[in-house]
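Written out below as structure tokens is the structure these notes cover.
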Amino acid sequence: MRDIFDNSYARLPDRFFTKLPPVPVAQPQILRINDALARELGLDPADLTAEVLTGNALLPGSEPLAQVYAGHQFGGWVPRLGDGRAILLGEVTGDFGRRDIQLKGSGVTPYSRNGDGRAWVGPVMREYIVSEAMHAFGVPTTRALGAALTGEGVQRERRYPGAILTRVAASHIRVGTFQYFAARGDTAGLRLLSDHCIARHYPEADGPLSFLAGVVAAQARLVAKWMSLGFIHGVMNTDNMAVSGETIDYGPCAFMDAYHPRTVFSSIDQQGRYAFQAQPNMAVWNLAQLATALLPLMDGDPDRAAEEATRVLESFADHFSPEWMRLFRAKIGLVSEEDGDEALITGLLSRMASSQADFTATFTALSDGDASTHITDDGAWNSWAPDWTARLEREPGDHRKTMRAANPVLIPRNHRVEEAIQAGIDGDHAPFHRLVDALTRPFDPRPEDRDLATPPKPDERVLRTFCGT
Ligand code: AMP
Ligand code: MG
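Numbering (this note's numbering), first residue to last: 712 to 1180.
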């Protein structure tokens, strides 16, 4: 097999990582391979053996390493995190650009702290399902190249089957990676990291300020997309925010069923720090940490640098709001812009909230022209629908087509993800495969997958999700 790796991160100085191989596992067994993604990356799916997907064997050209990073977790500063259960195998390049290939759940590293460095089949399935669904929705995201079982048990609240996810990302460099070097006063390291990220993700940027501006814009657009899908990341810690602008680290994430802006799923998010509607503000909070970390690289007077960085942070709204409007306009069938559109959209959302309407099913119903069975709050539909109809009459083009392209019918519903995981614990992988297969076409599901669109019955609702390491 030809060597397709070109490991730019591994060429950075030693203090950026620890080189070490994955810890071998007992009995590698393939759970799933993403053939299409493998081919996109110039890999032969046949080379992704169970041994490769567990780290028992390395693809030629791999230079396995664990990356350093720090981060704010739920607002609290943690100076040393790093890849505690992940190994970067290397970077592949091609007409798609440059992509990291990483194993997650690959055993202890110097950054494991008290963890076992492992993952179990539940979180691996969840990340596979949700990240690939996000890709199908058109949301920038890390992706799943494959998943394998280790043949070993992993001890959590009970013993679960161990598994490893093979993850692909534009890079795994996080806001927390910058914070790591900034906190050490390592300005030379910071500069190398910044140059590395500019070359890799923002080649048009000519310095730390325009790099920051690029990350701010990318994150603003990303979070707007999350909002348009009812997606709640759940752990938007600075170590879980990629500077590339991709969604990363699918832990206690979830798509809302019943819409409410204050929805929280994560069992560890007791204050609602990362509640649905808090996400844009939390993104800005994280980006402020990136700005702070970058200050030593900015020229001239520190006060002026801080002022300029603040101005860049304030540009978040300039990217977020138009993207949010564009996405929600499309969700109600609009492409053109009118002043009253925002009121029309927020009017719908508040009626959805008071009706506890299912987020996804409501927009699917709108695509068919009538969401009155979802907007059930007294008089709510009848007080909104006429304005919408009147607005659509002023709108050229095919409204239904616009809505069908903007509103996925299928999302990874929590109760379905949970069902796949529960079956997976017992060694039945069929529900997992079915869900992943169906979610490759979320806007236009096959008839036999339509049942996956059905919202949970009251007793099926999943109200809590767990970080699930
Ligand atoms: P996460 O919650 O996935 O964002 O991880 C936060 C930090 O905890 C990172 O440094 C992870 O590498 C580390 N970590 C999470 N789970 C484990 C585990 N099972 N073993 C070792 N480190 C872990
Ligand atoms: Mg993380």
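Glycine included, C-beta positions come from ideal geometry on N, C-alpha and C.
Collapsing the DSSP output to three states places T1087 in coil.
The beta-carbon distance between V1023 and L923, rounded to whole angstroms, is 5 angstroms. This is short enough to meet the 8 angstroms contact definition. Nearest C-alpha to L814 among Y839, G805, P756 and P733: P733. By the C-beta criterion, the stretch 954-967 is judged to be in contact with the stretch 878-894, since at least 3 inter-stretch pairs fall below 8 angstroms. Contact annotation: L759 and F807 have beta-carbon atoms that are not nearer than 8 angstroms. In this structure, the CA atom of P963 is about 36 angstroms from the CA atom of E1018. In its chain, beyond the 5 residues on either side, G941, I943, T974, F987 and F1070 have a beta carbon closer than 7 angstroms to the beta carbon of M967. Among the bridge pairs identified by DSSP, S921 is matched with none. Ordered along the chain, residues surrounding ligand 2 are D950, N951 and D960 [Cβ under 6 angstroms from any heavy atom]. Setting aside the 5 residues that flank it on each side, R869 has no residue in the same chain whose C-beta is closer than 8 angstroms to its C-beta.
For D1014, no beta strand (DSSP E) segment is defined; the enclosing uninterrupted segment is the alpha helix (DSSP H) at P1013 to E1025. Counting only residues of its own chain and dropping the five nearest sequence neighbours on each side, T1084 has a CB closer than 8 angstroms to the CB of A1076.
Around the beta carbon of A1101, a 10 Å sphere encloses fewer than 16 other beta carbons of the protein chains shown; the residue is thus reported as exposed. Your pair A1149 and P1142 does not check out as a contact, with CB atoms roughly 10 angstroms apart and the cut at 8 angstroms.
The closest CA to that of L731, considering only M938, I798 and H912, is found on I798. Closest in C-alpha terms to H1144, from the list R743, R829 and A721, comes R743. At least one heavy atom of ligand 1 lies less than 7 angstroms from the C-beta of A797. Judged by their CB atoms, A747 and P1123 are not nearer to each other than the 8 angstroms cut-off. Within the same chain, and ignoring the five residues on either side of V879 in sequence, the residues whose Cβ sits closer than 8 angstroms to its Cβ are L748, L752, R810, D811, I812, Q813, T853, R854, A855 and L856.
Closest in C-alpha terms to A830, from the list A1054, E802, F1039 and A859, comes A859. It is roughly 14 angstroms from the alpha-carbon of G805 to the alpha-carbon of S719.
In this structure, the C-beta of R829 approaches ligand 1 to less than 7 angstroms from one of its heavy atoms.
In the DSSP annotation of this structure, the continuous segment of the beta strand (DSSP E) that includes A859 starts and ends at R854 to Q866. In the DSSP assignment, I744 falls within the beta strand (DSSP E) that extends over Q740 to I744. One thing to note: V736 has its Cβ within 8 angstroms of the Cβ of G873.
A Cβ-Cβ separation of about 6 angstroms places N948 in contact with H783 under the 8 angstroms criterion.
Collapsing the DSSP output to three states places G805 in a strand. Annotation: the continuous beta strand (DSSP E) that includes F728 extends over F728 to K730. Taking C-beta atoms as the reference points, P739 and A757 fail to come closer than 8 angstroms. For R869, the shortest separation between its Cβ and any heavy atom of ligand 1 does not lie below 7 angstroms. The distance from the Cβ of L754 to that of L800 is about 11 angstroms, inconsistent with a contact at the 8 angstroms cut-off. The stretch 996-1006 and the stretch 1020-1036 touch, with three or more beta-carbon pairs separated by less than 8 angstroms. In the structure shown, the three-state DSSP call for Y871 is strand. At the C-beta level, G828 and S817 come within 8 angstroms of one another.
Under the DSSP assignment, A1149 falls in the alpha helix (DSSP H) whose first and last residues are A1141 to A1149. If you look at Q778, you'll find it in the beta strand (DSSP E) that goes L776 to Q778.
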